[in-house]
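**Student:**
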Amino acid sequence: MKIIFMGTPDFAKESLEAVYNSGNEILAVVTNPDKPKGRGMKMTISPVKEFALEKNLKILQPSKVRKNEEFIEGIKGMQPDLLCVVAYGKILPKELLDIPKYGAINVHGSLLPQYRGAAPIQWAVLNGDKKTGITTMFMDEGMDTGDMILKEETEIGDNETTGELWERLSKIGSKLLVETINKIDCVKNKENKTLDEIKEEIGAEKQGENYSLAPMLSKEMAKIDWQKKGVEIKNLVRGLNPIMGAYCFLENKKIKLWKVQVLNLEELEQKFSEIKDYMPRMEKVEPGTVLFADKKKGLFVKTIDGVIEVLEIQGENAKKMDVKSFLNGNDIHAGEIFE
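Residue numbers (numbering that gives the first Met the number 0): 0 to 338.
(1) Let me confirm a value: S45 is counted as buried when at least 16 other C-beta atoms fall within 10 Å, else exposed. Which label applies?
(2) To which residues of the same chain is V230 closer than 8 Å at the C-beta, ignoring the five residues directly before and after it?
(3) Quick one: is H332 buried, meaning 16 or more other Cβ sit within 10 Å of its Cβ, or exposed?
(4) Near V284, what residues of its chain come up, given a Cβ to Cβ distance below 7 Å and the 5 sequence neighbours on each side ignored?
(5) Which same chain residues end up closer than 6 Å to I336 when comparing Cβ atoms and leaving out the 5 residues on each side of it in sequence?
(6) Nearest to C185 by alpha carbon, out of K174, L175, L176, I197?
(7) Determine the direct distance from the alpha carbon of L81 to that of K319, and round the result to whole angstroms.
(8) Enumerate, from N- to C-terminal direction, the unbroken beta strand (DSSP E) stretches of 3 or more residues contained entirely within the region 204 to 236.
(9) May I ask you to report which of helix, strand or coil DSSP gives M5?
(10) Assuming P35 is part of the beta strand (DSSP E), what are its boundary residues?
(11) Could you tell me the alpha carbon to alpha carbon distance between G132 and Q60, rounded to whole angstroms?
(12) Could you spell out where the beta strand (DSSP E) holding T302 opens and where it closes?
(13) Enumerate in chain order the residues of its own chain whose CB-to-CB distance from E16 is below 8 Å, with the five nearest sequence positions on each side excluded.
(14) Determine the direct distance from the alpha carbon of Q113 to that of N158, and round the result to whole angstroms.
(15) For T144, which three-state DSSP category applies?
(16) Tell me the rounded alpha-carbon separation between D33 and P8.
(17) If T161 sits next to N240, beta carbons under 8 Å apart, how far is it from one beta carbon to the other, in whole angstroms?
(18) Can we say the region 87 to 106 touches the region 207 to 220, given the rule of at least three CB pairs closer than 8 Å?
(19) To which residues does DSSP link Q260 through a beta bridge?
(20) In terms of residues, what are the limits of the beta strand (DSSP E) holding K41?
(21) Thinking C-alpha only, which one of F10, I303, M138 is nearest D195?
(22) Indicate the three-state DSSP secondary structure (helix, strand or coil) for Q113 in the structure shown.
(23) Quick check on G244: buried or exposed, where buried means 16 or more other Cβ atoms within 10 Å of its Cβ?
(24) Per DSSP, what kind of secondary structure is D184 in: helix, strand or coil?
(25) Residues in its own chain within less than 8 Å of S21 by CB, not counting five upstream and five downstream?
(26) Looking at V309 and V322, is the spacing between their C-beta atoms short of 8 Å?
(27) Quick check: what's the CA-CA separation for A339 versus K130?
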């Protein structure tokens with residue numbers, strides 16, 4: 000199959016590598032333009048471009064794909080069989096989707112029709128879901144509304160972060176993409192079928208209207224609300240790890256939490272028998288209050304329904320570290336309040 004691959008982050012790089020190793024012909028790789036990054040604003044390339052350079056693949060980096068006649072005509076001239084799109088980062092116009100002979104296929108990080116949109120992996124973790132997966136689909140003009148081809152489900156670990164799930168799903172997605180390409184290739188080789196006939200023969204399914212959305216994340220949502228339940232705070236922390244980190248303030252300094260676990264007050268009492276006499280008072284303190292801070296035993300903060308044990312933390316203008324290392328250099332005392 001003659002393929003044009005479109006993608007940008009490491010999630011897409013896994014799929015590009017799988018397609019490359021499958022023996023299909025990659026006519027070109029389309030990825031986002033290089034961007035300045037870091038304090039020095041050094042120009043950096045995408046993981047997809049990095050792999051394409053390594054393998055001497057043709058690279059295209061249009062600043063836009065809509066109303067870009069030069070780019071569209073260039074793609075037409077290559078006469079691709081398939082367009083494979085994985086986390087490219089731009090909405091594709093119909094005139095581009097209509098170019099490949101056997102359609103445009105996409106690897107999406109959810110079990111569609113759940114979590115259509117830009118951040119399906121993140122929202123699955125943020126919402127505390129127990130399972131998610133990958134869906135491959137034929138693309139249309141809608142936002143992740145195309146006919147579904149293959150799915151693979153996986154469980155989400157109770158402590159799994161978005162970054163950890165992202166890495167696992169990238170590998171599942173790369174495998175499923177190659178299976179999808181092979182499935183289409185087997186059908187189209189039988190005779191000169193139309194795209195609609197191919198969809199029917201491989202059993203592509205329509206999504207229906209029972210869907211949910213996964214919009215882009217905002218910086219505003221990263222602030223911890225200590226009035227929420229401990230499990231909700233934990234899901235926020237692991238859902239934003241490593242993207243931006245959930246944060247709060249202590250003495251007007253911004254503190255990011257990168258890893259936490261949830262305890263109830265009874266579990267805290269069992270862990271530290273010496274604070275048993277203080278338990279009735281602890282049940283009445285304001286959520287966000289530090290209940291216990293010890294360089295050897297850790298940092299524990301009151302929530303509306305229990306306790307958060309902080310495991311990994313980052314002070315203002317500092318690096319992230321385990322909480323015991325943080326407490327070695329930062330004095331935090333019981334009774335102080337995270338805001």
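Note that CB positions come from ideal geometry on N, CA and C, so glycine has one too. As the structure is a computational prediction, the values presented were derived from the model and not from experiment.
**Tutor:** Taking the coordinates as given:
(1) Taking every protein chain shown into account, the CB of S45 has 16 or more other CB atoms within 10 angstroms, so this residue is buried.
(2) Spatial neighbours of V230 in its own chain (CB-CB distance under 8 Å, excluding positions within 5 residues in sequence) are listed in chain order as G127, V261.
(3) Per the 10 Å Cβ criterion, exposed.
(4) Within the same chain, V284 has close Cβ partners K301.
(5) The answer, listed in chain order, is G287, T288.
(6) In this structure, I197 is the residue among K174, L175, L176, I197 with its C-alpha nearest to the C-alpha of C185.
(7) Cα atoms of K319 and L81: separation of roughly 43 Å, rounded to the nearest angstrom.
(8) Complete beta strand (DSSP E) runs here, min 3: none at all.
(9) In this structure, M5 counts as strand in the three-state DSSP scheme.
(10) Taken as a continuous stretch (DSSP letters only), the beta strand (DSSP E) holding P35 covers 34 to 36.
(11) So the two alpha carbons sit approximately 29 Å from each other.
(12) No beta strand (DSSP E) contains T302, which DSSP labels as neither H nor E.
(13) Listed in chain order, the non-local C-beta contacts of E16 below 8 Å within the same chain comprise F50, S173, local neighbours out to five positions each way being set aside.
(14) The straight-line gap separating the alpha-carbon atoms of N158 and Q113 is approximately 22 Å.
(15) T144 falls in the coil class under three-state DSSP.
(16) Whole-angstrom Cα-Cα distance: 12 Å.
(17) Correct: roughly 6 Å between the Cβ atoms.
(18) Not touching, per the Cβ criterion.
(19) According to DSSP, residue pairing for Q260 in a beta bridge involves E308.
(20) Run containing K41: 41 to 43, per the beta strand (DSSP E) assignment.
(21) Of the candidates F10, I303, M138, the one whose C-alpha sits nearest the C-alpha of D195 is M138.
(22) Residue state for Q113 is assigned as coil, using DSSP reduced to three classes.
(23) Residue environment analysis places G244 among the buried positions, since at least 16 neighbouring C-beta atoms fall within 10 angstroms of its C-beta.
(24) Of the three classes helix, strand and coil, the one that applies to D184 here is helix, per DSSP.
(25) V177, I180, N181, listed in sequence order.
(26) Going by C-beta atoms, V322 is nearer than 8 Å to V309.
(27) With the chain covering only 0 through 338, there is no way to say anything about residue 339.
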